[in-house]
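Read the structure below first, then the notes.
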Amino acid sequence: MNTKKLVSAVALVTVLGVIERFIGFLYRVYLSRSIGAEGLALYQIALSVAGVIITVTASGIPVTVSRLILKERARKNPLGEKEVVSAGIITCVAISLPMTVAMYVFKDKLAFVFTDKRCYDIFLTILPGITITSVYAVIRGYFWGNRQYLKYSLIELGEEVVMAVVGIIIVSGSVDGFTGAKRAGVAVFVSYIVSFAVSSAVFISENGMLKNPIPMLKPLIVSSSPITATRTLTALVGMLIAIIVPKQLVDSGMETSAALAEYGKLSGMAFPMLFIPSTVIGSFALVLVPEISQSFYEKDVNKLKKTVGNSLDICTLVSALIIPVFVSCGKEIGSFIYDSADAGAYLSISAIIMLPMSVSMITTSLLNSMGKEKLTFINYVVGAAAMLAIVWLTPKFIGIYSLIAANLVSFAVTMTLNLSALKKTLTSKLGYLKPVLLCLVSMAAASLFGILLKGVIKEVSDIVTILIVGAAATAFDLVMLSVFGVVDINAIKLEILSKKKGKSRPISR
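Residue 455 in this note's numbering sits at position 455 of the sequence shown, with consecutive numbering throughout.
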């Protein structure tokens, strides 16, 4: 794929991804206001457990299906391409269906894993969709392998829209938080059905056919296992966190409802705001993985280093521009969006997590594309162990803030290990330490500037404060980054002017 097509693909996926995330964000805001912090926590915990099951059944399949499709295409073996898809579907169904049945049969014995048994009732409404969404994951891999990013992204967007629309319709008449959370679970199930039906129809319309899966079962399972293990552990840790944190808060003296409410404010309101950079990162990962793999195996070192460097720079810059806004305007954002100043306070304190989280995510994708799946799994395990230790030991001392500390340490550890692995893989220095240190200095200065400016602006609405202080903090941050040489503002101006004239000029620092 040439540079122009690559940029276009990334832009397309990013735009649709932003729209998808924005819709999901608005829907979460609606849920927070409709079912309350406690209801949102119940929904969040049930969704976390469902995420573990889905991850076990299908998380490593899409990327593996896409790679094997490209491999068989290079061999000019169209039959092999169909066998890959067939093997993926058989594998997912063989794993997910027995798990789903077991969850229903032994539901009375499994309810103990939840802090609140109401979570299990919500989980059971989502459970029937696990098998069909696992099959949909295979079809996503088919789209990915064929570089059909538009279809892939549109179906993902459609799933989010269906969940939001159905959720708003059926949650609106809820009499309490639990009823609303359970109906929100039904909306998730309906969205799974729609995405499966649409993707299957598109697959069949393209003469998609299932063939003998046996020749591709072993290579599919061997290739997908490390990725599945990493993502399964990620989901499992998320589930454990959703269980441990409320329990530890209760053990430290909080009422169950209060513990769930605080957990809901942090994990269901503040943390989703931190995932904004993941839209851009996910877009890059989706499009760049095949390109990086090709450069790596062709031993095109210069292109590989350039791609890795650009990916790290973009992730760092996106985080560096957003963090000061959250730090200085967190309370106003929480009050305006969620009608919760507490959630906004959590957002301000946890904003710094965005930087190591973003770099950790992109470096994991980069290493996986170079065949380092086992290494990224080990790096994640180390970070996850640190996270679990912190949330188990510290809630009695720092309360809900233990979850913020745990995420910060975990992502920082994984980021450091991944960067070290990239350096060894590329056999050269990344030159990343200086830019990231300069970004940290600029973020701190811009955050302080925003806080001081907010102290000057008084008796104005939350939205006005967010717009004025947010814009000023971002501008201050850009100036600082320009002074440090991290961003070349003049080059950006020239690029904008040249595009207006129909010409393109290179941007350099």
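Ideal placement from N, C-alpha and C gives every residue a C-beta, glycine not left out.
{"query": "Would you mind working out which of A421, A406, I90 sits nearest I362, comparing C-alpha positions?", "result": "A421"}
{"query": "If you measure between the beta carbons of A41 and G264, is that distance less than 8 Å?", "result": "yes"}
{"query": "Output the distance between the C-alpha atoms of V10 and K117, rounded to the nearest integer angstrom.", "result": "43 Å"}
{"query": "Using a 10 Å radius around the Cβ and a threshold of 16 neighbouring Cβ atoms, would you call S350 buried or exposed?", "result": "buried"}
{"query": "Can you grab the Cα-Cα spacing for the pair F449 / F476, in whole Å?", "result": "8 Å"}
{"query": "Could you spell out where the alpha helix (DSSP H) holding Q248 opens and where it closes?", "result": "214-251"}
{"query": "Helix or strand or just coil, what does DSSP make of G455?", "result": "helix"}
{"query": "Check V10 in the structure and name its three-state DSSP category.", "result": "helix"}
{"query": "Would a C-beta distance cut-off of 8 Å place R183 and V165 closer than the cut-off?", "result": "no"}
{"query": "Please report the distance separating the alpha-carbon of F411 from that of T133.", "result": "28 Å"}
{"query": "Do you know how far the Cα of M273 is from the Cα of I19?", "result": "14 Å"}
{"query": "Could you name the residues of the same chain whose beta carbon sits closer than 8 Å to that of L426, not counting the 5 residues immediately before and after it, in chain order?", "result": "V301, L304, K305, V308"}
{"query": "Looking only at its chain, what residues have a beta carbon closer than 7 Å to the beta carbon of V413, apart from the 5 residues adjacent to it on each side?", "result": "V382, G383, A386"}
{"query": "Report yes if the C-beta distance between I241 and V52 is below 8 Å; otherwise report no.", "result": "no"}
{"query": "Write down the C-beta distance between G268 and Q44 rounded to the nearest angstrom, noting that I regard them as a contact closer than 8 Å.", "result": "5 Å"}
{"query": "May I ask which residues mark the beginning and end of the alpha helix (DSSP H) holding N379?", "result": "373-393"}
{"query": "Does DSSP put R67 in a helix, in a strand, or in coil?", "result": "helix"}
{"query": "I need the boundaries of the alpha helix (DSSP H) containing K423, first residue and last residue.", "result": "401-426"}
{"query": "Determine whether the beta carbon atoms of M443 and I323 lie at a separation below 8 Å.", "result": "yes"}
{"query": "At 4 residues or longer, and completely inside the region 34-89: list those alpha helix (DSSP H) runs for me, N to C.", "result": "61-74"}
{"query": "Quick one: residues in its chain with C-beta nearer than 8 Å to the C-beta of V29, no 5 flanking neighbours on either side, listed in chain order?", "result": "I337, Y338"}
{"query": "Taking the continuous alpha helix (DSSP H) assigned at A261, which residues delimit it?", "result": "256-263"}
{"query": "May I have the straight-line CA-CA distance separating M99 from V65, to the nearest angstrom?", "result": "22 Å"}
{"query": "Please determine, among T234, S8, K218, L393, the residue with the shortest C-alpha to C-alpha distance to E531.", "result": "The first residue shown for the chain is 1 and the last is 509, placing residue 531 beyond what the model contains."}
{"query": "Considering only residues of the same chain and omitting the five flanking positions on each side of I119, which have a CB-CB separation below 8 Å?", "result": "Checking the sequence shown, residue 119 turns out to be Cys, not Ile. The residues are L42, I45, A46, V49."}
{"query": "Is the CB-CB distance between S96 and P213 below 8 Å?", "result": "no"}
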